[in-house]
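What follows is one structure encoded as structure tokens, with my remarks underneath.
Written as structure tokens, this is what we have:
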């Protein structure tokens, strides 16, 4: 009985130990399961956090990409707008150039029209020059004076034969009808003139005043034919110097309508 009791105690102890061991095992299994669950839950939480972070990052990255695309679009639009503005400025410059060029062409057209009017006026002057052919007729008429000068060559011959002969006053003149110095033949005053009808110095034939003029109707110096005043002009209607044909004044001009 004592042995059985011991065995029973031992068996009970073993059962208690077995129960305890089983409980511990259950607890160990439960603890391990909980640990696994905790690890799994932690992993899931980490995965959720990571996934959320990745989603946030993806959203942020997508937003940044959209912003970059939008910024690039704005930059392209700005470049395009700047290019259009530059093109507009260039077009405005071309329009200004076209306007200036057109204005210049219009001014040139006005100038050309003025030149044409001047050409018409010059044509009128040429017609007037043609009408001045009457002067040539007058020059032909003045040829009679030359013939008279030829006839007066007899006086020169007489001057050669007579030597120094003076009818009335004068110095060193071959023949002097009325005053004058050193003149071959002087009808009325004048110095060193071959033939002087009325005054004048060193003029071949002088009707009225004038110096060194071949034929001078009224005043003038060194002019071949001078109708009224003027110096060294071939034909001068009224004043003027060295002009071939001068209507009224002017110097060195072939044809002058009025003034210089």
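In our numbering, the protein residues as written are 388 to 647. We treat Cβ as the ideally placed atom computed from N, Cα and C, and that holds for glycine. Keep in mind that this is a model prediction, so the values were computed, not measured.
Coarse secondary structure for residue 398, derived from DSSP in three states:
Residue 398 sits at position 11 when you count from the first residue of the chain shown. In the structure shown, residue 398 falls within a helical segment according to DSSP collapsed to helix, strand and coil.
For residue 438, three-class secondary structure by DSSP:
For the purposes of this step, residue 438 is identified with residue 51 of the chain shown, where counting begins at 1. Reduced to three states, the DSSP call for residue 438 is helix.
In or out: residue 392 buried (at least 16 other Cβ within 10 Å) or exposed?
The residue labelled residue 392 in the question sits at position 5 within the chain shown. Counting C-beta atoms within 10 angstroms of its own C-beta, residue 392 has fewer than 16 neighbours from the protein chains shown and is therefore classed as exposed.
Would you identify the three-state DSSP class for residue 388, choosing helix, strand or coil?
Mapped onto the chain shown, residue 388 falls at position 1. In the displayed model, residue 388 falls within coil according to three-state DSSP, outside both helix and strand.
Hey, how far is the Cα of residue 478 from the Cα of residue 463?
As a first step, residue 478 is located in the chain shown; it is residue number 91 there, counting from the start. As a first step, residue 463 is located in the chain shown; it is residue number 76 there, counting from the start. Their backbone Cα atoms lie some 22 Å apart in a straight line.
If you draw a straight line from the alpha carbon of residue 504 to that of residue 483, how long is it in whole angstroms?
Taking the first residue of the chain shown as 1, we reach residue 504 at position 117. Taking the first residue of the chain shown as 1, we reach residue 483 at position 96. Their Cα atoms are separated by approximately 31 Å.
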